[in-house]
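Just so we're aligned, residue -3 is where the sequence shown starts under the working numbering, counting upward by one.
What follows is a set of notes on a single structure, which appears directly below.
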Amino acid sequence: MRSLFWRILATFWLAITLVAVLAMLLGRALNQDAWIIGRHPAIKGLAADWVQTYEQRGSSAAQRLLEQQKHRFHIDTQVLSENGHPVIPGTFPPRAAAFEARKQYREEQLPWRRLTTEYTSPSSGETYLFIYRIPHPELNDWHRDSLLWPLSAIGIALIVLTGFSLLLTLSITRPLDRLRGAVHDLGQTSYQQTSLARLARRRDELGLLANDFNRMGARLQKLIGSQRQLLRDVSHELRSPLARLRIALALAERATPEERQSIWPRLGKECDRLETLIAEILELARMDAEPGTPTPVDLEEIFFQLQENARITAPGVQIMSQVQPDIDFLGWPDILERALDNLLRNALRFSPAQAEIRLSAQVESGQLILSVQDQGPGVDPAYLPHLSEPFYRAPGQTAAGHGLGLAIAQRAAERHGGKLALANHPEGGFIASLHLPLANEDKG
């Protein structure tokens, strides 16, 4: 993965390296003796040319070479042998030498720059000491010309660094602008996942962020869509009992006292159904609220309460429970009890008289499986994927209910990091199971 961190780090290190190199070059260009000797056109290569001329053509030709250099560049040159004596007269007059000695003794500023270098002849092996005296005006003029190169190098480096910085800045700001636009679209509920498709293909942190944002956007859009659908379903479900109540009230207004006695039970029944529907809707909404810190769940106590409640509502049905011993599970007991109560009520609703319903809790492959199995007619397999949708009722279902029980159980399973599994049992009947992970970090 091409990490954005390493890209930024490499850019800064490159900038630091370029600045350091240019600083060194500029420092060497400012009045360094070796730099001047190696770069000044009057001195560069003069030692080699003079030694070759001296050894091949004699002292007179070597003297003329120095005089020509002085006439052209106004630079005085002396050449000393290994014993310190002048090899030729050179171009530095004796009075200038006395003046230099007097100025140096008084530590006063000389009107020229004194440079020295040694050169060894490759043919004879003799070593010569060259002494150059460059007037300051000449040296300053040369400095102005010679600094054009380091200044040009600095300019080029600044252009290169600006280009690098621009590319780095654009590689960060452009994706952030696209992310900002996606956030705005998400707030306006007009977000499209294709808007970040190109950014999501990047193999750096911004690409990972785009992928995470796409998943978050899809999840939010799904939640918004489900909430809108829930509101539509709620309004539809509430409209039916309200319409029946309005009709019953209209009939009661025109009915005789004897007829009203038969209408009042109908009104009470519709009010009870409306109250039950509102309670289930509120229970479904509470599943999305923050439940707090998970606590140990006593499954045997929950199953006992479920059995006691079932004996009151359906005394003819046998409730068999089986809890695997030593199950340590952290969760929200109230949420689990409501979910299992809804599953049990569904089983009671569709089970025939004198039937048997089995409750079980067992651990398999690191998961806690809570099952409710009935002996009812089961459900067509084509409708199983939709049963946990709010207000969904399979075609042909005649039992009372609003289609919220399995939706509540599904939300409870998701709250614990698990899922709701619905299936027809191979031995007959219907089985609903909550598959919940035992690891604490999977909950919430």
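Even glycine gets a Cβ: it sits at the ideal position worked out from N, Cα and C.
These figures come from a predicted structure and were not determined experimentally.
Item	Value
With 16 as the cutoff for other CB atoms within 10 Å, does V179 come out buried or exposed?	exposed
Does the Cβ-Cβ distance between T116 and T123 come in under 8 Å?	yes
Comparing C-alpha positions only, which one of F325, G327, F126 sits nearest to W46?	F126
Quick check: the stretch 323 to 336 against the stretch 295 to 308, are at least 3 beta-carbon pairs closer than 8 Å?	yes
Check whether the stretch 422 to 436 touches the stretch 360 to 371, taking contact to mean three or more Cβ pairs, one atom from each stretch, closer than 8 Å.	yes
Check whether the stretch 301 to 312 and the stretch 264 to 274 are in contact - that is, three or more C-beta pairs closer than 8 Å.	no
Any idea which residues DSSP pairs P82 with across the strands?	L76
For L111 versus Y128, is the C-beta spacing smaller than 8 Å?	yes
Compare the beta carbon distance of F209 and T7 with 8 Å and say whether it is the shorter of the two.	no
Give me the DSSP bridge partner(s) of E114.	L125
In whole angstroms, what is the alpha-carbon distance linking G183 and A193?	19 Å
Can you tell me the Cα-Cα spacing of W328 and A405, whole angstroms?	13 Å
Considering only residues of the same chain and omitting the five flanking positions on each side of T394, which have a CB-CB separation below 8 Å?	Note that T394 has pLDDT 49, beneath the 50 cutoff, so the model's placement of it is unreliable and the number below is only indicative. Closer than 8 Å at the Cβ level, and outside the excluded window around T394, lies no residue.
For I71 and A30, which I take to be in contact (beta-carbon distance under 8 Å), what is that distance rounded to the nearest angstrom?	No, I71 and A30 are not in contact; Cβ-Cβ is about 17 Å, not under 8 Å.
Among residues of its own chain, excluding the 5 on either side of H421, which ones have a beta-carbon nearer than 7 Å to its beta-carbon?	Q369, I427
Is the beta carbon of G425 less than 8 Å from the beta carbon of Q350?	no
Would you say the stretch 90 to 98 touches the stretch 39 to 58, given that touching needs at least three Cβ pairs under 8 Å?	no
Does DSSP put T291 in a helix, in a strand, or in coil?	strand
Which residue's Cα is closest to the Cα of M316: P290, P292, D322, R354?	R354
Pull up the distance between the alpha-carbon of T289 and that of L204, whole angstroms please.	31 Å
Can you check the stretch 149 to 219 for any beta strand (DSSP E) of at least 3 residues that lies completely inside it and give the ranges in chain order?	none
Using DSSP bridges, identify the partner residues of S367.	S356, S429
What are the boundary residues of the beta strand (DSSP E) that includes Q318?	314 to 319
Quick check: the Cα distance between R170 and R199, rounded to an integer number of angstroms?	16 Å
Under three-state DSSP, which class holds P253?	helix
In this structure, what does DSSP give as the bridge partners for W46?	None, per the DSSP bridge assignment.
Contact defined as beta carbons within less than 8 Å: I believe P287 pairs with I331. What is the distance between those atoms, to the nearest angstrom?	6 Å
Determine the burial state of V17: buried for a count of at least 16 other Cβ atoms within 10 Å of its Cβ, exposed for fewer.	exposed
From the DSSP output, in three-state form, read off P386 for me.	coil
Tell me the DSSP bridge mates of L476?	With the chain covering only -3 through 440, there is no way to say anything about residue 476.
Is the Cβ-Cβ distance between I259 and A251 less than 8 Å?	yes
Would DSSP call L416 helix, strand or coil?	strand
When you compare only the Cα positions, how much space is there between R341 and L175?	47 Å
State the DSSP-derived secondary structure class of I39, mapped to helix, strand or coil.	coil
For the alpha helix (DSSP H) holding A378, just list the boundary residues, first then last.	Careful: A378 lies outside any alpha helix (DSSP H) and carries neither H nor E.
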